[in-house]
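*Asks:* Heads up, the sequence shown is in this note's numbering, so the first residue is 33 and it goes up one at a time.
All residues carry an ideal CB built from backbone N, CA and C; glycine is no exception.
Structure below; questions to follow.
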Amino acid sequence: MTRTGTIIDGRYRVERFLGAGSIGRVYLAWDEFYDERVAMKVFAPREETITSTIFLDEFKTLAELNHPNFPRVYDFGYLRAEGRPYFTVEYIEGADLFAAT
Numbered sequence: 033m034t035r036t037g038t039i040i041d042g043r044y045r046v047e048r049f050l051g052a053g054s055i056g057r058v059y060l061a062w063d064e065f066y067d068e069r070v071a072m073k074v075f076a077p078r079e080e081t082i083t084s085t086i087f088l089d090e091f092k093t094l095a096e097l098n099h100p101n102f103p104r105v106y107d108f109g110y111l112r113a114e115g116r117p118y119f120t121v122e123y124i125e126g127a128d129l130f131a132a133t
């Protein structure tokens, strides 16, 4: 699971839980390779009708965006023990967009 201190793929150390949405949970993680904080979104659907395909589509859409107001997308992988996908993006400190509106 994604508990504080867990190392994922020998690279990402989970620091803390940041929030959850309809298809995933977001964690603050430390990228041991690049020595920087990242936001890690782990697939965790609240409804059985949501599939990992939707999660992958979200990753692809974010990866195609190239704008200074969107976080950069870094990596996509799988939590091997759980068979769940995750992706990492640039961590931007502050409130999430929904909370800010």
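Please state whether DSSP places Ile124 in a helix, a strand or coil.
*Replies:* Here Ile124 sits in coil by DSSP.
*Asks:* Would you tell me roughly how many angstroms separate the C-alpha atoms of Glu114 and Tyr123, rounded to the nearest one?
*Replies:* Their backbone Cα atoms lie some 24 Å apart in a straight line.
*Asks:* Which value, in whole angstroms, describes the spacing of the CA atoms of Glu27 and Val105?
*Replies:* Lying before the first or after the last residue shown, residue 27 is absent from the chain, which here runs from 33 to 133.
*Asks:* Find out if the Cβ-Cβ distance for the pair Ala76, Arg48 is shorter than 9 Å.
*Replies:* No, these two residues do not count as a Cβ contact at 9 Å.
*Asks:* Considering Cα atoms alone, identify which of His99, Asn98, Val74, Leu50 is closest to Leu88.
*Replies:* Comparing Cα-Cα distances from Leu88 to each of His99, Asn98, Val74, Leu50, the minimum goes to Val74.
*Asks:* Would you identify the three-state DSSP class for Asp107, choosing helix, strand or coil?
*Replies:* The answer is strand: DSSP assigns Asp107 an E or B state.
*Asks:* What is the C-beta distance between Pro103 and Val121, in whole angstroms, given that I count them as a contact (C-beta under 8 Å)?
*Replies:* Their Cβ separation, rounded to whole angstroms, is 4 Å, which keeps Pro103 and Val121 in contact under 8 Å.
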